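Written below as structure tokens is the structure these notes are about.
4 protein chains.
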Amino acid sequence: MEFPDRVTINSHAIKIQPRYCETDQGGVVHHSVYSVWFEMGRTELLRVNGIAYKDLEEAGIFFVMARLEIKYCQPAKYDEQLELTTSCTNVTTCKIEHCYQLKRVCDGALLAEGSSTLACLDKEGKVIRMPEFLYPIPACDSQGQACEKTAV
Amino acid sequence: MEFPDRVTINSHAIKIQPRYCETDQGGVVHHSVYSVWFEMGRTELLRVNGIAYKDLEEAGIFFVMARLEIKYCQPAKYDEQLELTTSCTNVTTCKIEHCYQLKRVCDGALLAEGSSTLACLDKEGKVIRMPEFLYPIPACDSQGQACEKTAV
Amino acid sequence: MEFPDRVTINSHAIKIQPRYCETDQGGVVHHSVYSVWFEMGRTELLRVNGIAYKDLEEAGIFFVMARLEIKYCQPAKYDEQLELTTSCTNVTTCKIEHCYQLKRVCDGALLAEGSSTLACLDKEGKVIRMPEFLYPIPACDSQGQACEKTAV
Amino acid sequence: MEFPDRVTINSHAIKIQPRYCETDQGGVVHHSVYSVWFEMGRTELLRVNGIAYKDLEEAGIFFVMARLEIKYCQPAKYDEQLELTTSCTNVTTCKIEHCYQLKRVCDGALLAEGSSTLACLDKEGKVIRMPEFLYPIPACDSQGQACEKTAV
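Chains as they are written, first to last, in this note's numbering: chain X, 1 to 152; chain G, 1 to 152; chain P, 1 to 152; chain V, 1 to 152.
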């Protein structure tokens with residue numbers, strides 16, 4: 001497989017509609033589900049940059065969660081329209097940081113925000129250098145850090 | 001690792017207490033969770049026979065679901081005491097069949113019953129012969145088939 | 001909320017792309033996930049008929065799983081394009097039956113097929129009559145039963 | 001139902017054995033599962049204090065996640081023995097804070113640590129006063145804060 005020379009898009013929004021099984025008996029989406037959505041957000045942010053995460057894994061590059069923080073503001077509900085914006089806020093030789101904003105589409109209410117740090121590992125779980133093409137180009141930097149101030 | 005010469009126990013019961021995240025907004029355990037519990041039942045049935053499923057995988061023996069049927073009788077609820085009985089009902093050269101009964105401990109009510117067929121594969125996903133030691137000894141056969149009549 | 005006079009579409013296909021968290025260490029989608037997808041299939045089949053399942057629940061009509069059968073043919077893999085076709089095969093005064101076919105888009109391979117029976121309950125869990133508008137119109141009947149022959 | 005006059009135990013450890021479905025194709029437990037385990041830890045910490053969370057809900061007291069942070073140190077693996085220690089670190093009129101340490105039993109290795117803040121709500125989702133009996137007795141305070149220094 002081929003990877004692009006450079007990622008050029010630092011922020012990307014996807015639509016999410018909570019599944020029935022993602023709710024709990026409290027009548028809202030269970031808090032553990034948000035990190036699953038954040039992962040989907042990262043996957044699609046890679047994809048709009050021309051990278052399928054499964055191709056990264058096939059090339060021996062694994063991202064694993066090192067730190068995750070989520071601030072829950074309002075509950076997400078079954079089947080409502082949500083928009084998750086995922087932004088890459090920092091890339092170093094062995095870590096990549098993202099921030100997330102989850103909003104309800106109908107009224108723009110902020111439901112949750114979060115941030116995460118991923119480590120870059122090989123198949124055996126050893127820390128490896130982040131692939132060159134994942135470093136953002138300088139011009140995109142400022143854009144990607146748009147939500148850093150509000151990140152939890 | 002070492003495996004026993006022969007499995008000798010064909011039926012085994014485990015206790016289950018539904019987790020909060022396993023419920024849905026209907027106020028009961030989501031129907032997709034039962035197959036997770038059945039898998040736990042099979043794992044513990046192996047374990048009482050001296051076999052850890054992870055050792056089987058390390059030895060290159062993978063069980064994959066080929067067919068699953070579940071009949072839901074009454075809903076399971078958060079945090080209540082349940083008992084799941086898993087019985088091995090048939091073993092052939094490449095398949096292993098189980099049946100399941102899930103009961104509420106407090107009153108013995110039958111909440112669900114099910115049956116499944118697993119195929120035995122190698123790491124590449126090719127069908128392989130069932131390991132000899134997984135064949136039940138003849139004496140146990142009748143016992144294991146106890147719930148076959150009631151299996152869905 | 002308002003419901004249509006009658007459902008008119010008996011079969012509907014949706015696209016599914018397995019999430020990373022839906023895989024297991026066997027390298028394929030865990031077998032418990034298929035029933036989650038089937039539920040999504042039923043939800044979207046309702047929606048193309050002008051019915052949101054959440055509106056049914058708000059109107060005091062709950063569908064609960066009474067019987068589920070799945071035949072697993074080939075494993076589904078992370079991030080590949082799948083198509084799930086959900087068909088309503090029978091509606092009676094208190095039950096509704098569906099069948100499912102899950103195919104890989106790239107080559108049309110059949111990954112799984114299944115069938116289910118849902119009961120219609122009120123908020124307290126008592127069996128109630130199926131709403132009139134969920135009965136298929138006679139003309140659609142033949143169409144809906146297209147996959148019944150192949151249903152597991 | 002009856003609740004105790006006062007919680008007296010601020011820290012409690014439970015055993016966890018990762019389920020097969022909790023792993024992902026990376027060969028380790030998916031990062032979203034840890035928050036499910038933390039919830040189990042809180043439930044059992046309540047239970048050793050004589051409180052079933054389901055009784056709290058029946059009494060109209062709901063805890064919802066307001067903030068969650070997890071630091072992942074080493075991966076958890078299928079079927080290995082883990083120990084999760086959950087400590088209550090702070091209780092205010094409307095919030096309760098916990099910290100968590102997840103260790104591998106065989107060698108005591110720290111796999112993850114975390115902290116969370118729960119809000120106390122009524123059935124309609126309005127913030128309510130924390131029940132009196134959930135405030136720790138002064139003597140227990142110091143004990144409960146044992147892991148606060150190491151909390152993420």
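Heads up, the beta-carbon is just placed ideally off N, CA and C, and yes, glycines get one too. A quick note: this is a predicted structure, and the numbers were derived from the prediction, not measured.
Alpha-carbon to alpha-carbon, residue j and residue i
i: VAL7 (chain P); j: PHE133 (chain P); result: 6 Å
i: SER162 (chain X); j: GLY114 (chain V); result: Nothing about residue 162 (chain X) can be reported from this structure: the residues present for chain X run from 1 to 152 only.
i: THR23 (chain P); j: ALA66 (chain V); result: 28 Å
i: THR93 (chain X); j: GLU44 (chain V); result: 41 Å
i: ILE128 (chain X); j: ALA112 (chain V); result: 21 Å
i: GLY26 (chain P); j: LEU110 (chain P); result: 20 Å
i: CYS21 (chain X); j: ARG104 (chain X); result: 19 Å
i: GLU39 (chain V); j: LEU102 (chain X); result: 22 Å
i: ILE14 (chain P); j: ASP107 (chain P); result: 16 Å
i: ILE90 (chain V); j: ASN10 (chain V); result: In the sequence as presented, Ile is not what sits at residue 90 (chain V); that position holds Asn. Near 10 Å, if we compare the C-alpha coordinates of ASN10 (chain V) and ASN90 (chain V).
i: GLU83 (chain G); j: GLN17 (chain G); result: 9 Å
i: THR85 (chain G); j: GLY41 (chain G); result: 7 Å
i: HIS12 (chain V); j: ILE51 (chain V); result: 14 Å
i: ASP5 (chain V); j: HIS31 (chain V); result: 37 Å
i: LEU46 (chain P); j: LYS123 (chain X); result: 43 Å
i: GLU97 (chain V); j: ARG19 (chain V); result: 27 Å
i: TYR135 (chain G); j: LYS95 (chain G); result: 10 Å
i: GLY125 (chain P); j: LYS126 (chain G); result: 45 Å
i: TYR53 (chain X); j: GLN74 (chain G); result: 41 Å
i: LEU56 (chain G); j: PHE62 (chain X); result: 26 Å
i: CYS88 (chain X); j: VAL64 (chain V); result: 28 Å
i: ALA59 (chain P); j: VAL29 (chain X); result: 21 Å
i: PHE3 (chain X); j: PRO131 (chain X); result: 10 Å
i: ASN49 (chain V); j: MET1 (chain G); result: 42 Å
i: CYS99 (chain P); j: TYR100 (chain V); result: 44 Å
Neighbouring residues, chain X, relative to residue i (Cβ below 9 Å)
i: LYS95 (chain V); result: In chain order: nothing, as chain X lies at least about 12 Å away.
i: VAL64 (chain V); result: GLY26, VAL28, HIS31, TYR72, PRO75
Interface partners of residue i on chain V, CB under 8 Å
i: HIS30 (chain P); result: TYR20, CYS21
Contacts of residue i in chain G (Cβ-Cβ under 9 Å)
i: GLU69 (chain P); result: ARG67, LEU68, GLU69, ILE70, VAL152
Residue i beta carbon near the ligand COA (any heavy atom closer than 8 Å)
i: GLY41 (chain G); result: This structure lacks the ligand COA; in fact it carries no ligand of any kind.
Proximal chain X residues relative to residue i, where beta-carbon distance stays under 7 Å
i: VAL36 (chain V); result: SER32
9 Å Cβ cut-off: residues of chain P touching residue i
i: GLU39 (chain X); result: ARG19, TYR20, CYS21
Using 8 Å as the cut-off, can you tell me whether the segment 18-37 of chain G makes contact with the segment 67-75 of chain G, which would need three or more C-beta pairs spanning the two stretches below that distance? yes
Any alpha helix (DSSP H) of 4 or more consecutive residues that is wholly inside the segment 37-120 of chain X: 53-58
Members of the segment 48-62 of chain X that neighbour chain P once the beta carbon cut-off is set at 8 Å: ALA52, TYR53, LYS54
Flag this pair as touching only if the segment 72-83 of chain V and the segment 118-126 of chain V have three or more C-beta atom pairs under 8 Å; answer yes or no. Fewer than three beta-carbon pairs drawn from the segment 72-83 of chain V and the segment 118-126 of chain V are found closer than 8 Å, and the two stretches are therefore not classed as touching.
What are the residues of the segment 76-88 of chain G that lie near chain V, defined by any Cβ-Cβ distance shorter than 9 Å? Of all residues in the segment 76-88 of chain G, the ones placed with a Cβ closer than 9 Å to any Cβ belonging to chain V are LYS77, TYR78, ASP79, GLU80, in chain order.
Quick check for students: name the residue ranges of the beta strand (DSSP E) that lie wholly in the segment 8-35 of chain P, counting only runs of 3 or more. Runs of the beta strand (DSSP E) inside the segment 8-35 of chain P: 11-16.
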